[in-house]
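Participant: With our numbering applied, the sequence shown corresponds to residues 40 to 375, in that order.
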Amino acid sequence: GVSSSLSVAVSAFTVGFASASISYDWDTDPEKRQAVPGFYGFVPAAAMKRALLFASMLVISTGILIIRCMSIVLLGLIGRRWAFGFIGADLGLYLIVKVLRGDFWYWAPTGGFEEIFVSALSRILTKTVTDFTSLVFLRHPQELGGLGWLLSLAFTMVYLPVAIEIYEWKNGMESIADNLAWKVVWFVIPTVLVSFAVFFCIIEKKFLGTFFSLQTGKKFAQDLFKKGVGDAAKAAILKKTRHYWVGIEDDIKLWVRENWGKWEKERPEWLTEAKKAEIPIEWIPTCKGRNRETVRRASLRRGSVLKTMAGKLNKVTPELSISITDPGYESSSSDD
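Okay, here's the thing in structure tokens:
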């Protein structure tokens with residue numbers, strides 16, 4: 040009925056508005072623009088252009104969500120296996136392409152078997168979120184990549200006519216769902232395509248390449264290290280998976296050896312405890328420095344264990360006013 044159609048439209052619009060808002064906020068964030076100026080900044084400065092760009096992102100996100108859901112609903116009406124088969128084939132093809140391009144590993148440095156699981160899960164989640172929300176920042180090389188993001192949305196629009204043909208072939212007669220799906224094809228898809236045209240006409244032209252880029256996450260991270268201005272920019276590589284280090288590990292090692300002494304004296308803000316911990320001990324140039332860093336890391340691990348124990352103790356006996364991490368605990372215990 041009209042009420043159910045209106046409810047679906049409002050829900051799709053709400054998701055589209057949230058997606059457009061997130062994409063807009065991420066791209067206009069001053070810190071992100073400063074950190075990665077070659078990726079963030081496609082939103083123009085002029086107020087009118089910004090309004091039109093936001094409207095185009097809103098229509099694209101809303102339309103893509105409707106198209107995607109319509110395809111799955113049609114296949115689901117035939118049978119669950121068709122719907123799950125469609126989703127599985129789409130995700131499977133995406134993962135195969137990622138593996139063949141050497142872009143399977145996600146940037147998070149979890150290590151070991153866990154890194155395989157995290158990478159697979161992250162790739163699947165990113166693809167799924169993109170398919171239903173069209174978040175623009177997921178075109179990042181460490182996520183779907185520029186061309187990958189664009190093709191995902193293009194395939195979504197192609198899938199619906201294919202799903203309709205399969206539905207008509209299996210069902211053998213017209214239905215309300217069939218007629219509604221064709222209306223989406225003839226009205227929603229053209230509207231989305233026009234919105235894409237408006238979007239690409241309005242964005243800052245120097246960022247057009249980021250929507251067609253074939254750059255992988257590994258290549259992006261390595262380029263940021265090689266071409267980054269200042270140690271803070273180069274240090275981003277330390278928080279990436281070591282799979283991203285392959286090919287430039289000697290360069291990273293040399294950079295650490297040449298600058299470790301300076302960092303120890305100046306203690307720059309970007310050199311956090313977490314980033315220090317990612318630097319292999321053997322890369323530190325002096326024996327004294329390696330010993331000092333080994334002791335520091337051991338101390339941090341002990342502190343972490345004590346905090347964990349304190350948390351558990353306080354949960355078990357909340358009436359106790361003393362904690363094993365309390366500075367006065369040791370002295371008061373020794374007095375006894």
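Cβ atoms here follow ideal geometry from the backbone N, Cα and C, with glycine treated the same way.
1) From which residue to which residue does the alpha helix (DSSP H) around residue 165 run?
2) Where does residue 81 sit, in a helix, a strand or coil, going by DSSP?
3) Roughly how many whole angstroms lie between the Cα atoms of residue 64 and residue 326?
4) Between 120, 337, 288, 58, which has its C-alpha nearest residue 312's C-alpha?
5) Work out the CA separation of residue 331 and residue 4 for me, nearest whole Å.
6) In chain order, what are the residue ranges of uninterrupted alpha helix (DSSP H) at least 4 long that sit wholly in the stretch 98-160?
7) Counting only runs that start and end within the stretch 258-324, where is the alpha helix (DSSP H) found for 4 or more residues in a row?
8) Quick check on residue 213: does DSSP put it in helix, strand or coil?
9) Can you tell me which of 270, 125, 230 puts its alpha carbon nearest to the alpha carbon of residue 305?
10) Look up residue 58 in the DSSP assignment and say whether it is helix, strand or coil.
11) Going by beta carbon distance, what residues of the same chain come within less than 8 Å of residue 144, once the five residues before and after it are set aside?
12) Quick one: grab the DSSP three-state call for residue 339.
13) Just curious, the alpha helix (DSSP H) that residue 183 is in, first and last residue?
14) Under 8 Å: do the stretch 290-297 and the stretch 219-226 share three or more Cβ pairs, one atom per stretch?
15) Whole angstroms is fine: what's the gap from residue 215's alpha carbon to residue 97's?
16) Check each candidate in 275, 307, 298 and name the one with the smallest Cα separation from residue 148.
17) Hey, out of 47, 111, 272, whose CA is closest to residue 127's CA?
18) Using the rule of at least 16 other Cβ atoms within 10 Å of the residue's Cβ for burial, across every protein chain shown, is residue 261 buried or exposed?
19) Going straight from the alpha carbon of residue 250 to that of residue 213, what length do you get?
20) On the three-state DSSP scale, how would you describe residue 64?
21) Leaving aside the five residues before and after residue 324 along the sequence, list all residues of the same chain whose C-beta is less than 6 Å from its C-beta, in chain order.
22) Give the DSSP-derived three-state secondary structure of residue 195 in the structure shown.
23) Am I right that residue 263 and residue 317 are in contact with their C-beta atoms under 8 Å? What's the rounded C-beta distance?
24) Run the CB neighbour count on residue 196, radius 10 Å, all protein chains shown included, and call it buried at 16 or more, exposed below.
25) For residue 52, which residues in the same chain have their Cβ closer than 7 Å to its Cβ, ignoring the five residues on either side in sequence?
26) Expressed to the nearest angstrom, what Euclidean distance is found between the alpha-carbon atoms of residue 226 and residue 116?
27) Work out the CA separation of residue 340 and residue 199 for me, nearest whole Å.
28) Does the stretch 87-96 come into contact with the stretch 54-74, if we say contact requires no fewer than three beta-carbon pairs (one atom in each stretch) closer than 8 Å?
29) With C-beta atoms as the reference, is residue 66 less than 7 Å away from residue 56?
30) Nearest CA to the CA of residue 140: which residue from 254, 286, 288?
31) To the nearest angstrom, how far is it from the Cα of residue 44 to the Cα of residue 50?
32) Measure the C-alpha to C-alpha separation of residue 187 and residue 178 and round it to an integer number of angstroms.
33) Determine the direct distance from the alpha carbon of residue 146 to that of residue 236, and round the result to whole angstroms.
34) Have a look at residue 288 and residue 315 and give me their C-alpha separation to the nearest angstrom.
35) Rounded to the nearest angstrom, what separates residue 68 and residue 119 at their Cα positions?
Facilitator: Let me spell this out:
1) The residue given as residue 165 occupies position 126 in the sequence shown. Looking at the DSSP string, the run of the alpha helix (DSSP H) that includes residue 165 is 151-172.
2) To locate residue 81, count along the sequence shown from 1; it is residue 42. The answer is coil: DSSP assigns residue 81 none of H, G, I, E or B.
3) Working through the sequence shown from its first residue, we reach residue 64 at position 25. Working through the sequence shown from its first residue, we reach residue 326 at position 287. Taking the straight line joining both Cα atoms gives about 47 Å.
4) Against the sequence shown, residue 312 aligns to sequence position 273. If we check each option's Cα against that of residue 312, 337 comes out closest.
5) Not covered by the structure: residue 4. The range shown for the chain is 40 to 375.
6) 119-139
7) Counting only runs of 4 or more, we get 270-273, 288-305, 312-317.
8) Position 174 of the sequence shown, counting from 1, holds the residue named residue 213. It is coil, neither helix nor strand.
9) Taking the sequence shown and counting its residues from 1, the one referred to as residue 305 is at position 266. Checking every option, the nearest Cα to that of residue 305 belongs to 270.
10) Translated into the one-based positions of the sequence shown, residue 58 becomes position 19. In the three-state reduction of the DSSP assignment, residue 58 falls in the helix class, which pools H, G and I.
11) Locating residue 144 in the sequence shown gives position 105, counting from the first residue. Excluding sequence positions up to five before and after residue 144, its CB lies within less than 8 Å of the CB of 154, 158, 256, 257, 280, 282, 283, all in the same chain and listed in chain order.
12) Translated into positions along the sequence shown, residue 339 becomes position 300. In the structure shown, residue 339 sits in a helix (DSSP, three-state: H, G or I).
13) Indexing the sequence shown from 1 puts residue 183 at position 144. Counted as a single uninterrupted DSSP element, the stretch harbouring residue 183 is not any alpha helix (DSSP H), since DSSP gives it neither H nor E.
14) no
15) Stepping through the sequence shown from its first residue, residue 215 is reached at position 176. Stepping through the sequence shown from its first residue, residue 97 is reached at position 58. So the alpha carbons of these two residues sit roughly 27 Å apart.
16) If you number the sequence shown from 1, residue 148 lands on position 109. Checked all of 275, 307, 298; the closest Cα to residue 148 is 275.
17) In the sequence shown, the residue the question calls residue 127 occupies position 88. Considering only alpha carbons, the answer is 111.
18) Position 222 of the sequence shown, counting from 1, holds the residue named residue 261. The residue in question, residue 261, is buried, as its Cβ has 16 or more Cβ neighbours within 10 Å.
19) Counting from one through the sequence shown, the residue named residue 250 turns up at place 211. Counting from one through the sequence shown, the residue named residue 213 turns up at place 174. Computed Cα separation, rounded: 39 Å.
20) Locating residue 64 in the sequence shown gives position 25, counting from the first residue. DSSP places residue 64 in helix when its eight states are reduced to three.
21) For the purposes of this step, residue 324 is taken as the residue at position 285 of the sequence shown. Closer than 6 Å at Cβ, skipping near neighbours: 296, 299.
22) Translated into positions along the sequence shown, residue 195 becomes position 156. Residue 195: helix per DSSP, three-state reduction.
23) Mapped onto the sequence shown, residue 263 falls at position 224. Mapped onto the sequence shown, residue 317 falls at position 278. That belief does not hold up - the Cβ atoms of residue 263 and residue 317 are roughly 15 Å apart, past 8 Å.
24) Position 157 of the sequence shown holds residue 196. Classification for residue 196: buried.
25) By one-based count along the sequence shown, residue 52 stands at place 13. Excluding sequence neighbours, residue 52 sits near 101.
26) On the sequence shown, position 187 is the one that residue 226 refers to. On the sequence shown, position 77 is the one that residue 116 refers to. The straight-line gap from Cα to Cα measures roughly 22 Å.
27) For the purposes of this step, residue 199 is taken as residue 160 along the sequence shown, with counting starting at 1. For the purposes of this step, residue 340 is taken as residue 301 along the sequence shown, with counting starting at 1. Their backbone Cα atoms lie some 54 Å apart in a straight line.
28) yes
29) Position 27 of the sequence shown, counting from 1, holds the residue named residue 66. Position 17 of the sequence shown, counting from 1, holds the residue named residue 56. Contact flag unset, no.
30) Locating residue 140 in the sequence shown gives position 101, where the first residue counts as 1. The residue with the shortest Cα to Cα distance from residue 140 is 254.
31) The count along the sequence shown starts at 1 and reaches residue 44 at position 5. The count along the sequence shown starts at 1 and reaches residue 50 at position 11. Straight-line Cα distance between these residues: approximately 10 Å.
32) Numbered from its first residue, the sequence shown carries residue 187 at position 148. Numbered from its first residue, the sequence shown carries residue 178 at position 139. So the two alpha carbons sit approximately 7 Å from each other.
33) Residue 236 sits at position 197 when you count from the first residue of the sequence shown. Residue 146 sits at position 107 when you count from the first residue of the sequence shown. Going by the C-alpha atoms only, they are around 32 Å apart.
34) Working through the sequence shown from its first residue, we reach residue 288 at position 249. Working through the sequence shown from its first residue, we reach residue 315 at position 276. So the alpha carbons of these two residues sit roughly 16 Å apart.
35) Working through the sequence shown from its first residue, we reach residue 68 at position 29. Working through the sequence shown from its first residue, we reach residue 119 at position 80. Distance between the alpha carbons of residue 68 and residue 119: 42 Å.
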